[in-house]
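Notes follow once the structure below has been shown.
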Amino acid sequence: MVNKLKSRPVFVGALVLALLALTVFANDWPQAPTADDMLADDTVSDAIDDAWDDSDAGDKDKRHEEGGWILWCRQQHGSEWQYSFKVVRVASGGRSGITPGNPPEQENCRVVGFFHTHPNPPTDEDGDNWEQGPSESDNNWHNRHKIPGVVRNASGNETFGPERGYYE
Ligand SMILES: [Zn+2]
Numbered sequence: 001m002v003n004k005l006k007s008r009p010v011f012v013g014a015l016v017l018a019l020l021a022l023t024v025f026a027n028d029w030p031q032a033p034t035a036d037d038m039l040a041d042d043t044v045s046d047a048i049d050d051a052w053d054d055s056d057a058g059d060k061d062k063r064h065e066e067g068g069w070i071l072w073c074r075q076q077h078g079s080e081w082q083y084s085f086k087v088v089r090v091a092s093g094g095r096s097g098i099t100p101g102n103p104p105e106q107e108n109c110r111v112v113g114f115f116h117t118h119p120n121p122p123t124d125e126d127g128d129n130w131e132q133g134p135s136e137s138d139n140n141w142h143n144r145h146k147i148p149g150v151v152r153n154a155s156g157n158e159t160f161g162p163e164r165g166y167y168e
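For the sequence shown, the working numbering begins at 1 and goes up steadily by one.
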């Protein structure tokens with residue numbers, strides 16, 4: 001009897017530790033989504049379509065790059081987290097370049113991607129040729145920050161960079 005009473009606090013302690021571990025685990029962010037996961041989402045694909053429209057690709061004097069951060073946000077419903085994408089556009093870029101700047105910081109959201117447009121046609125009105133896919137500096141930037149990228153050009157969306165990841 002005495003032994004049983006003594007062992008109880010140990011048992012309760014172990015239970016508290018187990019619950020604590022479970023809580024910490026449940027608050028962990030799961031594996032980040034891929035660029036294909038993002039493109040399959042209406043919020044993201046609509047935002048990329050809008051950015052393409054805003055790029056004035058059809059106007060040889062006004063065409064310029066547009067882009068935005070892709071965030072993954074979560075809300076708690078009971079004991080479950082529900083995840084959804086959000087897009088935060090950045091300031092308009094130039095004819096062949098855009099500056100992401102600092103990533104947005106929003107509560108319960110993490111940056112999981114960045115997209116931008118390449119509005120110049122393969123060969124423009126002056127006969128100049130333009131890279132359609134991600135440039136070397138696009139690739140370097142995405143690899144450095146460990147997030148997938150999407151380039152939107154006249155032919156559609158092209159994914160590149162890391163398979164998945166959270167911005168670093
Ligand atoms: Zn680019």
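Glycine included, every Cβ here is placed at the ideal spot set by N, Cα and C.
Are residue i and residue j close, meaning C-beta to C-beta below 8 angstroms?
| i | j | result |
| --- | --- | --- |
| ARG144 | PHE115 | no |
| ILE70 | GLY113 | yes |
| ASN157 | VAL150 | yes |
| ASP96 | GLU66 | Looking at the sequence shown, residue 96 is not Asp but Ser. No. Outside cutoff. |
Have a look at the options and flag the residue whose alpha-carbon is nearest the alpha-carbon of residue i.
| i | options | result |
| --- | --- | --- |
| GLU136 | GLY161, ARG95, ILE147 | GLY161 |
| LYS86 | ASP41, PRO30, LYS146 | ASP41 |
| ASP56 | PRO104, GLY94, PRO33, THR34 | GLY94 |
| TRP29 | ARG74, HIS118, VAL90, SER92 | ARG74 |
| GLN106 | HIS118, VAL88, ALA35, GLY78 | VAL88 |
Starting from residue i, trace the beta strand (DSSP E) both ways and give me its first and last residue.
| i | result |
| --- | --- |
| THR117 | 109-117 |
| ARG164 | ARG164 -> no beta strand (DSSP E), and no H or E assigned at all. |
| GLN82 | 80-89 |
| ASN201 | The first residue shown for the chain is 1 and the last is 168, placing residue 201 beyond what the model contains. |
To the nearest angstrom, report how far apart residue i and residue j are at their CA atoms.
| i | j | result |
| --- | --- | --- |
| ILE98 | HIS142 | 13 angstroms |
| VAL44 | GLU131 | 24 angstroms |
| ARG63 | GLU80 | 44 angstroms |
| MET1 | ASN27 | Note on MET1: pLDDT 49, under 50, position unreliable in the model; the coordinate value appears next. Going from the Cα of MET1 to the Cα of ASN27 covers about 40 angstroms. |
| PRO134 | PRO148 | 12 angstroms |
| GLY58 | ASP50 | 14 angstroms |
| ASP128 | ASP53 | 22 angstroms |
| PRO119 | GLY78 | 45 angstroms |
Quick one: give me the first and last residue of the alpha helix (DSSP H) that residue i is part of.
| i | result |
| --- | --- |
| SER137 | 136-145 |
Discussion item. If we require 4 or more residues per run, which alpha helix (DSSP H) segments fall completely within the segment 26-69?
Written reply: 35-39, 42-54, all fully within the segment 26-69.
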